[in-house]
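Enquirer: Structure in C-alpha cells, see below.
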Amino acid sequence: LAQAAVEIYGNQTSLASGATDHEGVTMLTIRYRLGTWILVTAAKRGFITNSAPWRVNKLPLYASVSLYLLPERPATLILYEDVVQILLGSPGARNQPRVQFPRKAARLPRSSTYNQLSASLTSASNGQEIQGFPAFIGADSNSTSIANSSWVELVPIAAVSAHLFTGNGTEVQLSGLIQFTIPLAVDPSFITGNSVPAWRFDAKNGLWVRSETGVIKKEGQQPYWTF
Numbered sequence: 517l518a519q520a521a522v523e524i525y526g527n528q529t530s531l532a533s534g535a536t537d538h539e540g541v542t543m544l545t546i547r548y549r550l551g552t553w554i555l556v557t558a559a560k561r562g563f564i565t566n567s568a569p570w571r572v573n574k575l576p577l578y579a580s581v582s583l584y585l586l587p588e589r590p591a592t593l594i595l596y597e598d599v600v601q602i603l604l605g606s607p608g609a610r611n612q613p614r615v616q617f618p619r620k621a622a623r624l625p626r627s628s629t630y631n632q633l634s635a636s637l638t639s640a641s642n643g644q645e646i647q648g649f650p651a652f653i654g655a656d657s658n659s660t661s662i663a664n665s666s667w668v669e670l671v672p673i674a675a676v677s678a679h680l681f682t683g684n685g686t687e688v689q690l691s692g693l694i695q696f697t698i699p700l701a702v703d704p705s706f707i708t709g710n711s712v713p714a715w716r717f718d719a720k721n722g723l724w725v726r727s728e729t730g731v732i733k734k735e736g737q738q739p740y741w742t743f
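Quick note: the sequence shown uses our numbering, first residue 517, plus one each step.
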C-alpha cells in the first residue's frame, strides 16, 4: 500500500517515521536496546491503523515487519432534528454496529453543511477481524512511569472505528456524549449488565488508553456492548 505513514514507538515516544513507496515498502533505522519492546504502526486515510509489537534478544542485521491495513467501511448517515446516527445497512437492521451523538456535538467548519457529510464505520468481534486493528497494548493508567513495564496486554471482546467527514474530506471533530452499540459474538460468558472497560487508540504513542466503561446488553439472544 503506497503512501502509508509508518512510525516506530519505544517508551511511548516516536523513534522513527516515514512513508511507504509505490510498492508499499519503507526502511527505517533506529537505535535499539536488546530485550526492549517497540511498536511498529502503519496508517493511511481510509484504512484502519494497524500495529505490531516487536522485541529481540539477539541483535539482527536486518528485520522486516509486515502489516495489513483493513479498509474502512462506508456507513449510512442519518440526521434527525436532535441527533445524528452512523450505522451499517438500513435503519433497524439487526446485528449491526451503530453510533449516535447529539447534532450539536459535531463541530462543522463554517463552509460545510450537514447534507455534505459522509461517514465510515468498521467493527470487529472475532479474532480474525480484530487482527486488523492496532495491537491491543494499553498504557497502565495507574503507573507514573513511561517505561515498557507500564504496558498492559488487553483482551478485546470487540473493536470499532468510526469517522465523520465533510464534503471535501476533512474529518469532523465531535464533543460531548457519543454512544456506541457494538454487536458481539454469541458467548455464554457475556452476561447482561456486566461492565466492560472501553479503550481508545492514541496515535501519539501507539497505545490504547482507558476511556469509558461499557455495559453488556442483549436483544433476544444477540449480545451488544454499549458505551
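Don't be surprised by glycine CBs; every beta carbon is placed ideally from N, CA and C.
1. Can you pull the DSSP bridge partners for Asp718?
2. Near Leu575, which residues of its chain fall below 8 Å by C-beta distance, leaving aside the five closest residues on each side in sequence?
3. Consult DSSP for Ala663 and reduce its assignment to one of helix, strand or coil.
4. If we ignore side chains and look at the alpha-carbon of each, how far apart do Asn664 and Ala558 end up?
5. Under a Cβ-count criterion, where at least 16 other Cβ atoms within 10 Å of its own Cβ denotes burial, should Gly607 be classed as buried or exposed?
6. Taking Cβ positions, are Ala568 and Ala675 nearer each other than 7 Å?
7. I need the boundaries of the beta strand (DSSP E) containing Gln737, first residue and last residue.
8. If we ignore side chains and look at the alpha-carbon of each, how far apart do Asn631 and Lys733 end up?
9. May I ask you to report which of helix, strand or coil DSSP gives Ile694?
10. Please classify Leu555 as buried or exposed, where buried requires at least 16 other C-beta atoms within 10 Å of its C-beta.
11. Roughly how many whole angstroms lie between the Cα atoms of Leu670 and Trp715?
12. Taking all protein chains shown into account, decide if Leu700 is buried (16 or more other Cβ within 10 angstroms of its Cβ) or exposed.
13. Find the nearest neighbour of Phe617 within the set Val522, Ile594, Tyr584 and Ser639, judged by alpha-carbon distance.
14. Excluding the 5 residues preceding and the 5 following Pro672 in the sequence, name in chain order all residues of the same chain whose CB lies nearer than 7 Å to its CB.
15. Would you call the segment 627–644 and the segment 584–600 in contact, with 3 or more CB pairs under 8 Å?
16. Name the residue from Trp724, Ile698 and Thr729 whose alpha carbon lies nearest to the alpha carbon of Val746.
Expert: A quick look at the data gives this:
1. According to DSSP, which records beta bridges pairwise, Asp718 is partnered with Leu723.
2. The beta carbon of Leu575 sits closer than 8 Å to the beta carbons of Tyr548 and Leu550 from its chain, once the five residues preceding and following it are set aside; these are given in chain order.
3. Confidence is the limiting factor: at Ala663 the pLDDT is only 46, short of 50, which leaves the residue's position unreliable, though a coordinate-based value still follows. Correct three-state label for Ala663: coil.
4. For Asn664, the predicted model reports a pLDDT of 46, less than 50, meaning its position is unreliable and no value from the coordinates is stated.
5. The sequence shown places Pro at residue 607, not Gly. Pro607 comes out exposed.
6. no
7. That residue, Gln737, is in no beta strand (DSSP E); it is neither H nor E in DSSP.
8. 33 Å
9. coil
10. By the Cβ neighbour-count rule, Leu555 is buried, with 16 or more other Cβ atoms within 10 Å of its own.
11. 9 Å
12. buried
13. By alpha-carbon distance to Phe617, the top candidate from Val522, Ile594, Tyr584 and Ser639 is Ile594.
14. Ile646 and Phe652
15. yes
16. Since the first and last residues shown for the chain are 517 and 743, residue 746 lies out of range.
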